[in-house]
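Protein chains in written order, with the working numbering: chain V, 325 to 1112; chain G, 4 to 479.
Note that CB positions come from ideal geometry on N, CA and C, so glycine has one too.
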């Protein structure tokens, strides 16, 4: 009898073998590099290299530590705390804690979705991104060395990230790490984990829900005015799209889709439109409190992240029932997944309960649409904003104490606007609407209990209602073919760089800032990519022709493209694009090779990110995760509250030595990119800075010439002067901006003492180094010829 | 420069659209003749900066009108030569577009220019300002131009008269480009522009071979090397010819060793299989060998469907490039299809069996008439089997090779265990993405390919069990 186990077939006769498909074995796709699934110590050499060149600069937002019972400890004046940790260590420790929080949010979100998606579709959904994407998950390939083939494969990414976050969070416990540099290195590690978690999170929803990709995704409605108030309105807030998708599916299945509005705030809004082009985007985080207060929503559904902690109270205020759908945000509510939908609807519609938690998305879908239909009718006569008389009375109460201004994160002149309003002029108050971040702190400190948020909204009601804009649907990864198309223009400089507009809505001067930044660079043929709040907020303005930024510029990864990549988790595709450059043009092996790839990006790919309204801990991990891959980040003025910056010291030229891979020699380079993360006070400061940060040591003359042209042009345009060290970027006369070449040569001769041969118009002496077309830069010793 | 001219000059204005309602005047374009011409002259013939206007100047043209237009530049300098005229002339489009309020489209005798009302309002009043700015940019970017002068014409009769002469020059230039071949020159040009991303790639640009990205031809390389001989474009002494058909030269090989750090020592410029040119990352088209038909297919970046071999551009491109010689795949620039030496080592067009219809249409003037109909597109065939039928039906030249190989294969049939039962006209080679395909040379190389069976149905009528020798000893 045959038994299980090995046996040998001695011969075969009349055997027909039909093979449906032949696939290459997993292990053969690329040789494994030195750092697959790295522990922090495996990548520490890279983190420390970055920290050596871009040393942390601390801005202690809080100079005490109150994490253990020895404390509080005052760390000022070089004092150490009871545990022995000093100020720098404590600041860096907090950076690490913030990054762990942010990465946990992305990873937790992804893991949660993966469970749901496997429940819904099974683990075998293939990773099929079409014929134009070959490198399907660049971060995952690079960091953990896995090429995912099916949905279930992404568990490997989350397994790795979860373990690593626990290890890193462990290091923040009292009595662990003692070096600020090692805390910073660990924060870099977590930033890298964050990028991986985001990629996995976005990819699983893309492949399960079949989100659209590419440049030709449609435009969808964004703005309060787009929401059809004649229909029942379901408002979804947060980042985890599973419950919203269930609601949309339910509406479709019950032929109710056109009867009900599904409007969203934050990334759930973006991801909804990737699933259903009819879904409406109210706006980004800044609109949350104000839209809820406007009372337009009949039912509010929250999932996770960036939701107001007092959302239940706010919903109650406008008599809109609230459903919490995620175990990370339960608000003390009873979990009712097990109860019949009719019962839950009855309890909420009757007002017996103001809010419930329902963790089962199917149940959410059963409850919410019906509830919205009922509530629409019930809430018909609800008035939420002040009446004219009330408005007058509120304004008259103000006695100009100025508490609101002090409480306002942006220091908006609410007091003066209120005085003007009292005097009958609503305009100053209405102007503040776009500059307000919608936090509501002003109301908390108002001694006269003026509902300032509502008062302000009422003055701007007309403009708010007319907010009807277009946003291109988030399109996920940049296609490999797009990368190939832009290869030549990127090296020739006709595309001077890539600007990534990411992050939250804590803008110092309103949403228009991100529009300004994005449009300035798109007009100059940079590629502008955007995600999350930034992608939404930049849609709220129009050019002279009446076009929104998404209508004015193409949606492809191309010169002058304005590319909505998607939600916060889609951010990872921006790193992914840079990684693909290394894979596609240089055929660098990605697998287990993160340090080499990040080194490639740092020295070659002229990209810079701007998180102008960075607010959350997610933004901290996102920013850190961008840095660690070799892309510099500019944050807005509030970014200083993240406690550190990584500022390159161009006064110490030894920090800018880079190896030439060809012969192992050291080349002293210009500071490019000069910083890895730092804040700018104003948009006028940020724009030229971003252009400056797009320069790379490897730029060829035509590339550098155009980069320098824009940098100098933008300096003059926004700051009225050139930065006094601009010549540091000039390697030869061919780098000089064309239109002003002679003028600049004269300046270099006169003000900087450079020697010019005026007959040939060549620079004889002055530059830090000569451009060498054979220069093959790296910061990694192991890549030098002959190194093993 | 802004101080001197009433308009800003900046690359950001490239692509600036001037719509009809914002237009002050239109010059050339679809309705009026217009051309631009740059000519080389000797140093004493050119007066640097001189401007001549024939016909009404900007402010004398009727607002909203469409006008004839000619821009004729003459340049001089020690390194200036007739062969550089077209390169210099093509830059006109870039430079004039840098001018705010001045839109320039197309080239040669197709130019279409619009001047905006805003520009006029801001002080643009004469073509002299445009000419001076253009000359300034030329001299800054291409310092081998030591002197330059300009004649602008709006007078319809004069434009027509000059256009005839210009057309003759364009025709001569085209003939020169067409007739200039690798054997006519001593210098080729290397291009390392893309080394900022693809650090190991070197393009060898010759009269018969444009760069892979399509951006640099031999004339461009020559001009750039003249400007900055140590820059990313440099001359390569071609040296002795080793293989005329393949396009192998001692000078190129020496450079190959040097620039690839010793990784490669030979390049055949017009070969697909034997020491082919390296591929970078931004090649416009990829060629792929299909052993089943012994032919070569080509697919460009814009074609997103899978090719008959089942692989799309991005998949194949993912296995090529990075400055490596990838036997079986070859990245090229579109213009290379028009080269008379197009993969001539491996049969040239007679080896081409498939390309996307849009690409075929685009290069149809380069395809020999007798082969054109025999090259399949996605409209005829989408799979290897369909392609095979197509080629047979059309009697494509590669079909002859099949027969020979089948004969060879039959001779060796006993030794070849995989090919026989497949019903293929020639020996079949399995390959997976990422594997390098060698041309089928008869004789079965097992190749060390590992096959993993999944969901395979194997029907076996009888199984006999025999205890294998030694298993008892090893078994536990």
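Residue 586 of chain V sits in a strand when the DSSP states are folded into three classes. Pairing residue 606 of chain V with residue 567 of chain V gives a Cβ-Cβ distance that is not under 8 angstroms. Counting only Cβ-Cβ distances below 8 angstroms, residue 218 of chain G has contacts in chain V at 812, 816, in chain order.
With at least 16 other beta carbons inside 10 angstroms of its own, residue 945 of chain V counts as buried. Following the DSSP letters along the chain, one finds residue 380 of chain V inside the beta strand (DSSP E) bounded by residues 380-382. Secondary structure at residue 1078 of chain V: coil, using DSSP grouped into helix, strand and coil.
Residue 223 of chain G sits in a helix when the DSSP states are folded into three classes.
In the structure shown, residue 574 of chain V falls within a helical segment according to DSSP collapsed to helix, strand and coil. Note that the region 428-447 of chain V does not touch the region 781-789 of chain V; fewer than 3 beta-carbon pairs, one per stretch, sit closer than 8 angstroms.
Residues of chain V with a Cβ closer than 8 angstroms to the Cβ of residue 15 of chain G are, in chain order, 847, 848, 849, 1034, 1037. For residue 1093 of chain V, the CB contacts under 8 angstroms within the same chain, skipping 5 residues up- and downstream, are 991, 992, 993, 994, 1055 in chain order.
In this structure, the alpha-carbon of residue 691 of chain V lies about 10 angstroms from that of residue 623 of chain V. Under a 10 Å Cβ-count criterion, residue 970 of chain V is classified as buried, with 16 or more other Cβ atoms of the shown protein chains found around its own Cβ.
Counted as a single uninterrupted DSSP element, the stretch harbouring residue 936 of chain V is not any alpha helix (DSSP H), since DSSP gives it neither H nor E. Annotated three-state conformation of residue 723 of chain V is coil, per DSSP. Of all residues in the region 1053-1087 of chain V, those with a C-beta nearer than 9 angstroms to a C-beta of chain G are 1056, 1057, 1058, 1060, 1061, 1062, 1063, 1064, 1065, 1066, 1067, 1084, 1085, 1086, reading in chain order. Interface flag for residue 309 of chain G against chain V is set, since a Cβ pair is found closer than 8 angstroms. Taken in chain order, the unbroken stretches of alpha helix (DSSP H) that lie wholly in the region 493-568 of chain V and span 4 residues or more are 504-533.
At least 8 angstroms separates the CB of residue 872 of chain V from every CB of chain G.
Remark: three or more beta-carbon pairs, one from each stretch, lie closer than 8 angstroms, so the region 909-920 of chain V and the region 356-365 of chain V are flagged as touching.
Cβ-Cβ separation between residue 1020 of chain V and residue 930 of chain V: approximately 5 angstroms, consistent with a contact (criterion under 8 angstroms).
Taking a Cβ-Cβ cut-off of 9 angstroms, the neighbours of residue 195 of chain G in chain V comprise 1024, 1097, 1098, given in sequence order. Residue-level contact by beta carbon holds for residue 909 of chain V and chain G, with a gap shorter than 8 angstroms.
The Cβ neighbour count for residue 706 of chain V, taken over all protein chains shown within 10 Å, is under 16; the residue is labelled exposed. Under the DSSP assignment, residue 317 of chain G falls in the alpha helix (DSSP H) whose first and last residues are 316-321.
Sequence-ordered contacts of the region 74-100 of chain G with chain V are nonexistent [C-beta pairs closer than 7 angstroms]. Put simply, the backbone Cα of residue 1091 of chain V is about 15 angstroms away from that of residue 1032 of chain V. Uninterrupted alpha helix (DSSP H) stretches at least 4 residues long and entirely within the region 846-889 of chain V occur at 856-861, 873-876, given in chain order.
Segment contact: the region 809-822 of chain V against the region 184-204 of chain G, three or more CB-CB distances shorter than 8 angstroms; contact assigned. In the DSSP assignment, residue 1033 of chain V falls within the alpha helix (DSSP H) that extends over 1025-1043.
The bridge partners DSSP lists for residue 397 of chain V are V:389. Burial check for residue 394 of chain V: the Cβ neighbour count within 10 Å stays below 16, so the residue is exposed. In terms of CA proximity to residue 1003 of chain V, V:380 leads the group V:894, V:1071, V:996, V:380.
The C-beta of residue 241 of chain G comes no closer than 8 angstroms to any C-beta of chain V. Taking C-alpha positions only, residue 1078 of chain V is separated from residue 1057 of chain V by approximately 11 angstroms. The Cβ of residue 456 of chain V sits closer than 8 angstroms to at least one Cβ of chain G.
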